[in-house]
Structures are given as C-alpha cells and as structure tokens.
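Engineer: Chains as they are written, first to last, in the numbering used here: chain A, 9 to 502; chain B, 9 to 502.
Take a look at the structure:
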C-alpha cells in the first residue's frame, strides 16, 4: 500500500545545488550509455495531484538530459484523430525506439484515476481499466520498453499555498490549470484514490515512485534520482508464470490443418454466379451509412502460394479505393525492429469506415519468427496472449476483425511453385525463400495448429479454408465478410 | 491542346488477349527493374470523366503488376485529420519511396476540374490552383518522383450506355457512383473543361495521356502501355531555366551576418524581469481560444553552440507539453533519403492549436547539404524556390511560421566549445562534427547570407539575432513570437 503523507520534506537551495550538479552529469552519462546500447526504450510516466509541478518536472528532465533524444508523449483533444481509436493507440503509436526516452504526460492512468476519485466509483469500470493498463504495461515491459512511473504528491496545505502563490502574479498565474483550483476541495478523496490506484498498479516491471512535490529542490532531486535509477536499472521482465491474464478461452474445437478436406471444390458455373453476387453485397455494405462507424481489419495468412493475393483482389474489386488499404507484411525494417513487434500494426490501424487488409500480419510472430528462430521460445509463447489482448482491445473500441487461413496441401504447393516459375507474370512471386520455407512444411503446420488452438477465440475465431481449389476460398471469404458485417450493422441499427 | 474525341475505338477480346499477356510480363519486368534500382518513385494519376472505369483501372494495375509494391493514394472525407492541413499535405505525406509506385485516385486535380466545369468558372481561382499544381509537380519531378497522368475519356453516348448497363443489375449497380449519373447532363461542359485543364497542365516532366475508355480492351491496353512507357522512361527533369515561378520577392534589405552587432547585450536585471513577462504573455496567448485554429511553426537555425537549445527551452517552459513538439533535425534516415528532402517536414506539420519547434530544419538543404556537398549545386540552388513555395503553401492554409537565426561570432563559438568540453553536463553537446564544421566557418557564413537573400520574403522573413550574449536572443525570440501571434489573433477576431 502506498502511503501519501501529509508532511512535506524540504531541502535548501544551498544543499541541493551540489546534489543537482552531480545528478545532471550522471543522468546525461546514463542516457548516453543507453543511447549507445540501444537495448531498451524508457517511458517515464509523470502523474500526480494537479498543482504539484508535473509540467515543471517535464521541463526539468528536458533541461537536465539531452532533450534531442527525449520525446514528450502528451495528448489533448486537439490531437483529434485519436478519438475513434482504442484508448491506448496514441501511446503505442508514439513509443520511443530502443535507446530513447519518452516522457508521458497526461497518461493512460487519467481515466482510472478519474473514476477512482468519484464519490461513488464503479468498481467494475475500475477493474476493467486497471486490467487494460496492466496488460499494456506487461506487454511493453516484455518487449523492451522499460517503464517508471512518478507520482507527484504534496499535502493539502502545500497544494493550496503553491496555487495561491502562482495566482498572485499575472506572469505565473497561467501555470495554474483550471483543474488545480478544484483539487483542494476534494483533496482527501483524490489522495486516497491515488493511494489505492498506485497500490493496485505497482509492479516490479513498472514501479511507482512517489515524489514529494511541495519543495522545489526536493521535487527536482527526487525526480532526477528516480529517473537515474531507472536508466541504470538492469532489465527486469515480468515473470511469465505470474501472468495476470488467465488462459484465453479458445473456441472448441479449434480449427486444425490436419482435419481439413483440402479437396473442397466449387464448380466454374457456381463461381461465375456467386462471385458477382457476393461482391455486390459487399459493395453495398461498404457503402452503407452505418459502415462509416466501423474500422474493419481483414487478416490473411496461409502457406506460400495459397492464393492470398488473388483472394484479396476479389475483395478489393468490390471496394472504393478510397476506403481500403492493402498492407503487405514482410520482414521488419530497422526502425520497426527498434520497437515492440506489435508497434507497426498499431500504426496501421484503420479509422472508422476504412478497411485494412493485411497480407500476412502480427501472426508472423508465432509463425515465421517461431519457425525461423527470430523470436525466442519465451517470446513467441508469450505472443499468443499479447495478440489476443491486442485484438480484444481493437474489438472493444468497435473494430471488426476477420482472420483467414488459406490452406493448401504440399502437393498443391509444389504444383503452384512450378507453374509460377514458368509463367511470365507469376515468376516474380517465387523466390528462394519460398523453397526454403517449403522444407519446413511440417514445422509451419505445427505452428499454425498451435496458433489456432491459442488464438481462435470465440470473439475472434480463425476461418480456416481449404484452398487447393482457388475458387472455393474466394467465395467463402467474401461470404464470411458479408455475413459478419451484415450481422454487425443489423445489431447496430437494431 | 488536347482533343477529347467523340469517337470510341474498339478492340476485340481475341485481338487483345495476346497483347495483354505481353504487356503484363513487360510491366512486371519494368516494375522489378525499378524496384532494384531504387532511383525514382512513380506516381500514376488516374483521372477522367466519372463512369469511365477509373476504379476498374486501379484494380487492373494492381492485378497486372506486383500489388505489394504499389500503394493507392486515395483519400475521402473519412481520412479526417487532413482537413486542417494544406491541400497537398496528404499527397506529400504518402509519397511512395524510390523504386515504388503510387496510384493517385481522386487526385490534386479534383478542385481545379470542378472549378473549370462550373457555368461561370472563376479565372483567378483556376490560375491559383493550376499554379499550385504546377509547382507541386515540378518539385516532385525535380526530386526523383516521376509523374504520369492518365485521363480516361469516352463519348457522351458511351458514358450513358456504360452507366445504364451497370445499373441494370444489382450485382453491378454499386459500381455507379452518384456523380456518374449527373455527368451525362453536363457532359460537353465537363469535356471542354477537361481539355483545357489537360492543355494547361501538360508538361514533359508530368505528361497527360488520354486513355480511350469506352471499350474495356482498349482501355486496359492503353492503360498498361502508358504505365509501361512511364516505367521505362529515362529521367527527365524540368529544366531549371524554364522555371515557371518568377524570382521570389525578398524583403529588402535582406538580413546579413556581415552587418550584425554581435555585442548587443541585455543586462541581468532586465533579463530577470523580461523573461517571466514575455513567457507569461506567450502562455496566455497559447491558451487563447483563438489560438486553437492556428498551426504554429518555429524554425531555429544558427551556428553550432549559438544557443538554440537554451532559447527553445525558454519558450517551451511557457507552453503546455500537450501542445508543442520539439523536433530535432539531424541527418536523414534511409527511408527519408528515399523521398524528396521536404517529405519528412511535411510529415511533421503541426495541426491547428499545435506548435512545432524545429531545431534545425528544411534549410539544411541550403546550409549543411550545400557546404558539405550532399546536395549538388543544381539541387541547392533550386531549393530556395521550393522552400519559398513550401512555406507559402503552409501560410495559405493558415499556419504561422517564424524563422530565427541565432548568430555568434567565431571567437564566441570557440569559447563556448571550450566551455562545453570541460562541463560535465555540456560535454555531450560537442562532437568532432562541430570542430569540422567550424573549419568551414566562412562557407557557412556565405550559405547563410545567400539563404537570407533568397528566402527572407516579406511574408516569411528571417529574424537574425545577435547571440554572443545569451540573454538577448531569448527575450527577442519570445517577443517576436508574442507580437506576431497577438497581431494574428487580433486580425482574426477583428
């Protein structure tokens, strides 16, 4: 339990000066050492009672450290486009790269603290918010984003005194935000809510540090020391066993590539009639007024040459080019490697009324990265949970996600590879990588089956479609998109 | 003059098939060759009469070429955040990298064509739009973004026939956009407006190609051929002599580093009184309701160690961390090098109510890139115009830009370098680069003076401030920001 005391320690300027000088030099040294190592990013969360000098502390860190490698993550309503996205999107989107530092001001704790400080807080909402935060911080900590959280605290008396002093001159009055004026009246409630929140969300991998904020020197020195300690801290990852989230409920029976009828076929005549039919229905749905509120994500995975590209083209043909974006996912770039693997997908989220079509996806973590050893076993085992959480956050914010696996068998792949090699406009599709992956056929099969078992949740199931016949999956995919969207729009209207 | 004929050429499917097969193979080969060379990006503009099959042609190119290296740039209202930005921002923001292809659908021609097709078009508006387009295309062509523009045309009769055929079945009726229905009534006016627009905006470096669109085979083959020709085309840059824009009017006399009193000083007492005064005024302005509509750009250039960082910190101290972003500009990354040099700055534009503070800027093109030879003489000479156009586009969209040069003399720099080397928290600021740049002192001086002479325009002048005394420029910068903003807000309210 965090105690937020009603006493305000002090430190004279004379005593503070030499300490601060040492601190500044040490902070710079530690910052440069991490910039050089490029192993972990650091997020410094600045939170606390209004009127405790949080803004001044952001400025302080920028002055004491090299501000060119620090990015302040501070968002207000003006940031605009963030509203329609999941709550944590903006933080994901602006994560600092490995080696760099981010200062989070106006953090992901704001909604939780606001709820906790109400006269009659809703426990269910508090638990939901706390759980989302804990998952988020866990995922970051697991993926080389270190977190330290500073809580700026001062006594009720000191808060009032500081506010009054600032208000006494027009040159400083602007530092008092309207919120600070209201704080004093409900001070005790705010303080107790904070103590509870801190206790609930303190973790070894994302610790809270209380900064006494009444005295400027104490505040500055405490801030500097907390950040220095974080910069110097050895990597501590949350233990995988103590995972806060229970095993995800997976739809039973989960799909499996072993029990698939690869020879499911669709006759030419049927295809010729069904294709325009489903394309027409999709086209009308995508132009429906109600669809303007829905971000749609379509995920395509499958063996090489399973027909993902052709299937995607049958979908996009029904769409206005203004409303979709096809996103081919290949090996991560240098800057993507300097961030958690989910980062690049957070940045590609569609806004409402828009469709993002992923040709391969975040599931690469548990497929190619697992099979080729780019991710360690701990990493890819952990990824199932992280991915389930990612998708459920998107769904909670109103997004619709459909995941398709196009499945061909080994003989069919060989035949397609050979066809591609001799075709003047398909040969570009076949590379040495494809032949190399083929040698790992069984390992990929195992990875896919494990993936279905762990990530085909009732809320976001995998659609595994036999694709030896090219026509069958094209129609099946269109049909599932249409029926899912129709149900969703119906539900919204009703 | 472009003639848009009232005849519709045809081609049978039997005749077209072998041509198309050859075309597809050739397109892929050409696409791959450019992907490998990574010398130029290609933008394909798809424009034309509504109902001529533009959407189908976007789909065609994605099918015939490798869609994974093509990005469709198509924006509608849902893109949202684009509204408050300059009109061309969205295109800049999504430019394909060198080697890659972008298909522009719903292009920068839309407003011009709309105006030209009105019953009484405003000639002034047409000229303004045409000039902005011509500058934009020139700048892209100069900076390794090739452009080809396809105009889809068919006769009035064919347009009506095609629309009716699509409407006859619910499976195809969705392909008819509401706009297409209205087109036929004002067909002649639209056609003539298009012919005029094409003639006015045709250029060797951004040519128009008319695609006959009534017959599907002719349309497909013509589209493929035009794109193939563009992919194979040798680099043709617009000649620098035929620059369409006249010499910019520069405020006379332009500032110069030769005529500066480097020893301008501000007494300690004055500084201590003036700093909170101006910070307070800036703080209040930045929190003014009227400021929420203004994107503010502050540009800082100057000799190494001139005090840019310290000056910037005196500004940010008065601001809410949520409303500004400090952007340190250093050497371009790999992905930035694969785009025109202005690209990264277009991506960092502030939205209204936000402040972007550039610690070094796009002026690097005519400073470090000129002096160190990273840009050729042709390139940096051209950049003055490009930069003036960039800034005037921002200003036309409502942005306020303030450009500051902090000037120290050679002795002062030496002293500061030496101080930095022995200071425990300043030594990080001094690198071998700084000593190397110092050897080029006179070349940088010349580059700065040339820059002032060419880019200190009446609408966007340079503020050159003596900075041997650190206090003087801090106050001067704050004062100029405040007075400029006050005048702007006054003007808006009045």
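From the three backbone atoms N, C-alpha and C, an ideal C-beta is built for every residue, glycine too. All figures in this text were calculated on a predicted structure; none of them were measured in a lab.
Buried or exposed: where does residue 420(A) fall if 16 or more other Cβ atoms within 10 Å of its Cβ makes it buried?
Structural biologist: As a first step, residue 420(A) must be located in the first chain, where it is residue number 412. So residue 420(A) counts as buried.
Engineer: Could you list which residues in chain B have their beta carbon closer than 7 Å to that of residue 441(A), in chain order?
Structural biologist: Numbered from 1 along the first chain, position 433 holds the residue referred to as residue 441(A). Correct list: empty, because the minimum Cβ distance to chain B is about 14 Å.
Engineer: In angstroms with no decimal places, state the Cα-to-Cα distance between residue 129(A) and residue 473(A).
Structural biologist: In the first chain, counting from the first residue as 1, residue 129(A) sits at position 121. In the first chain, counting from the first residue as 1, residue 473(A) sits at position 465. Between residue 129(A) and residue 473(A), the C-alpha separation is close to 47 Å.
Engineer: From what residue to what residue does the beta strand (DSSP E) around residue 367(A) run?
Structural biologist: On the first chain, position 359 is the one that residue 367(A) refers to. 363-367 is the span of the beta strand (DSSP E), which, as asked, contains residue 367(A).
Engineer: Pull up the distance between the alpha-carbon of residue 95(B) and that of residue 405(B), whole angstroms please.
Structural biologist: To locate residue 95(B), count along the second chain from 1; it is residue 87. To locate residue 405(B), count along the second chain from 1; it is residue 397. About 8 Å.
Engineer: Quick check: what's the CA-CA separation for residue 90(A) versus residue 209(B)?
Structural biologist: Against the first chain, residue 90(A) aligns to sequence position 82. Against the second chain, residue 209(B) aligns to sequence position 201. Bear in mind that a pLDDT of 49 at residue 90(A), under 50, signals an unreliable position, so the number given afterwards is only what the model happens to contain. If you take the alpha carbons of residue 90(A) and residue 209(B), they lie about 38 Å apart.
Engineer: Smallest Cα separation from residue 161(B): which of 172(B), 186(B), 227(B), 114(B)?
Structural biologist: Reading the second chain from its first residue, position 153 is the one you call residue 161(B). It is 227(B) whose Cα lies nearest to the Cα of residue 161(B).
Engineer: Do you know whose CA, among 97(A), 199(A), 173(A), 232(A), lies nearest residue 35(A)'s CA?
Structural biologist: The sequence position of residue 35(A) within the first chain is 27, counting from 1. Nearest of 97(A), 199(A), 173(A), 232(A) to residue 35(A), Cα basis: 232(A).
Engineer: Please list the partners that residue 36(A) has in chain B, where partner means a Cβ-to-Cβ separation under 7 Å.
Structural biologist: In the first chain, the residue the question calls residue 36(A) occupies position 28. Simply 433, 436.
Engineer: Residue 80(B) CB to nearest chain A CB: under 9 Å?
Structural biologist: Numbered from 1 along the second chain, position 72 holds the residue referred to as residue 80(B). Interface residue, yes.
Engineer: Closer than 9 Å between beta carbons: that is the criterion. Which residues of the region 328-354 of chain B meet it against chain A?
Structural biologist: Listed in sequence order: 328, 329, 330, 331, 332, 333, 334, 336, 338, 341, 342, 343.
Engineer: Go ahead and label residue 443(B) buried or exposed: buried means 16 or more other beta carbons lie within 10 angstroms of its beta carbon, across all protein chains shown.
Structural biologist: Taking the second chain and counting its residues from 1, the one referred to as residue 443(B) is at position 435. The residue is exposed, with fewer than 16 neighbouring Cβ atoms inside 10 Å.
Engineer: Is residue 157(B) helix, strand or coil by DSSP?
Structural biologist: Sequence index remark: in the second chain, residue 157(B) carries index 149 (1-based). Three-state DSSP puts residue 157(B) in a strand.
Engineer: Chain A partners of residue 372(B), CB-CB under 8 Å?
Structural biologist: Locating residue 372(B) in the second chain gives position 364, counting from the first residue. Those within 8 Å of residue 372(B) in chain A number zero; the least Cβ separation is about 15 Å.
Engineer: Along the region 61-81 of chain A, what residues have a CB closer than 7 Å to any CB found in chain B?
Structural biologist: Result list: 63, 66, 67, 70, 71, 74, 75, 76, 80.
Engineer: Determine whether the Cβ of residue 135(A) lies closer than 9 Å to any Cβ atom of chain B.
Structural biologist: As a position in the first chain, residue 135(A) is number 127, starting the count at 1. So, not an interface residue.
Engineer: How close, in whole Å, do the beta carbons of residue 367(A) and residue 334(A) come, if the pair is a contact with beta carbons under 8 Å?
Structural biologist: Numbered from its first residue, the first chain carries residue 367(A) at position 359. Numbered from its first residue, the first chain carries residue 334(A) at position 326. 6 Å between Cβ atoms; contact.
Engineer: Measuring straight from C-alpha to C-alpha, what distance separates residue 427(A) and residue 288(A)?
Structural biologist: In the first chain, counting from the first residue as 1, residue 427(A) sits at position 419. In the first chain, counting from the first residue as 1, residue 288(A) sits at position 280. So the two alpha carbons sit approximately 31 Å from each other.
Engineer: Along the chain, which unbroken stretches of the alpha helix (DSSP H) at least 4 residues long are found entirely within the region 263-318 of chain B?
Structural biologist: Listed in chain order, they are 276-294.
Engineer: Quick check: residue 310(B) and residue 425(B), are their CB atoms within less than 9 Å of each other?
Structural biologist: Stepping through the second chain from its first residue, residue 310(B) is reached at position 302. Stepping through the second chain from its first residue, residue 425(B) is reached at position 417. No. Outside cutoff.
Engineer: If the cut-off is 8 Å on Cβ atoms, which residues from the region 260-291 of chain B count as contacting chain A, listed in chain order?
Structural biologist: Answer set for the region 260-291 of chain B: 284, 285, 287, 288, 291.
Engineer: Is the region 57-67 of chain A touching the region 181-191 of chain A, taking contact as three or more C-beta pairs under 8 Å?
Structural biologist: Yes, they touch.
Engineer: Hey, does residue 119(B) have any beta-carbon neighbour from chain A nearer than 9 Å?
Structural biologist: Within the second chain, residue 119(B) is the residue found at index 111, counting from 1. Judged by the 9 Å Cβ criterion, residue 119(B) is not in contact with chain A.
Engineer: Could you list which residues in chain A have their beta carbon closer than 7 Å to that of residue 83(B), in chain order?
Structural biologist: Locating residue 83(B) in the second chain gives position 75, counting from the first residue. Correct list: 330.
Engineer: Can you pull the chain B residues whose beta carbon is under 9 Å from the beta carbon of residue 303(A), in chain order?
Structural biologist: In the first chain, the residue the question calls residue 303(A) occupies position 295. Those do not exist, as residue 303(A) stays about 10 Å from chain B at its closest Cβ, beyond 9 Å.
Engineer: With a floor of 4 residues, list each alpha helix (DSSP H) that falls wholly inside the region 147-219 of chain B, ordered by position along the chain.
Structural biologist: Qualifying alpha helix (DSSP H) stretches, in chain order: 164-175, 178-181, 186-191, 195-209.
Engineer: Shorter than 9 Å from the beta carbon of residue 99(B) to some beta carbon of chain A?
Structural biologist: Within the second chain, numbered from 1, the residue matching residue 99(B) stands at position 91. For residue 99(B), the answer is no, since every Cβ of chain A falls outside 9 Å of its Cβ.
Engineer: Taking 8 Å as the line, does the beta carbon of residue 497(B) fall inside it for any heavy atom of the ligand NAD?
Structural biologist: You won't find the ligand NAD in this model; it holds no ligand whatsoever.
Engineer: What's the C-alpha gap between residue 500(A) and residue 196(B)?
Structural biologist: Here residue 500(A) refers to the residue found at position 492 when the first chain is read from its first residue. Here residue 196(B) refers to the residue found at position 188 when the second chain is read from its first residue. Answer to the nearest angstrom: the Cα atoms are 44 Å apart.
Engineer: Just checking my contact of residue 305(B) with residue 221(B) at CB under 8 Å: how many whole Å lie between their CB atoms?
Structural biologist: Walking along the second chain from the start, residue 305(B) turns up at place 297. Walking along the second chain from the start, residue 221(B) turns up at place 213. That belief does not hold up - the Cβ atoms of residue 305(B) and residue 221(B) are roughly 43 Å apart, past 8 Å.
Engineer: Please list, in chain order, all residues of the same chain as residue 212(A) whose beta carbon is under 8 Å from its beta carbon, the five residues on each side excluded.
Structural biologist: Along the first chain, read from residue 1 onward, the residue named residue 212(A) stands at position 204. Counting only Cβ-Cβ distances below 8 Å, and skipping sequence neighbours, we find 244, 246.
Engineer: Any idea what DSSP makes of residue 244(B), helix, strand or coil?
Structural biologist: Position 236 of the second chain holds residue 244(B). Three-state result, residue 244(B): coil.
Engineer: Which residues of chain A have a Cβ atom closer than 8 Å to the Cβ of residue 179(B), listed in chain order?
Structural biologist: Stepping through the second chain from its first residue, residue 179(B) is reached at position 171. What residue 179(B) touches in chain A: 284, 285, 287, 288.
Engineer: If you draw a straight line from the C-alpha of residue 24(A) to the C-alpha of residue 225(A), how long is it?
Structural biologist: As a first step, residue 24(A) is located in the first chain; it is residue number 16 there, counting from the start. As a first step, residue 225(A) is located in the first chain; it is residue number 217 there, counting from the start. Using only the alpha carbons, I get a separation of about 6 Å.
Engineer: Rounded to whole angstroms, how far is the Cβ of residue 317(A) from the Cβ of residue 75(B), which I believe are closer than 8 Å?
Structural biologist: Indexing the first chain from 1 puts residue 317(A) at position 309. Indexing the second chain from 1 puts residue 75(B) at position 67. About 7 Å separates the two Cβ atoms, so the contact holds.
Engineer: For residue 119(B), collect the residues of the same chain with a Cβ closer than 8 Å to its Cβ; drop the 5 residues on either side in sequence, then sort them by chain order.
Structural biologist: Along the second chain, read from residue 1 onward, the residue named residue 119(B) stands at position 111. Contacts found: 95, 137.
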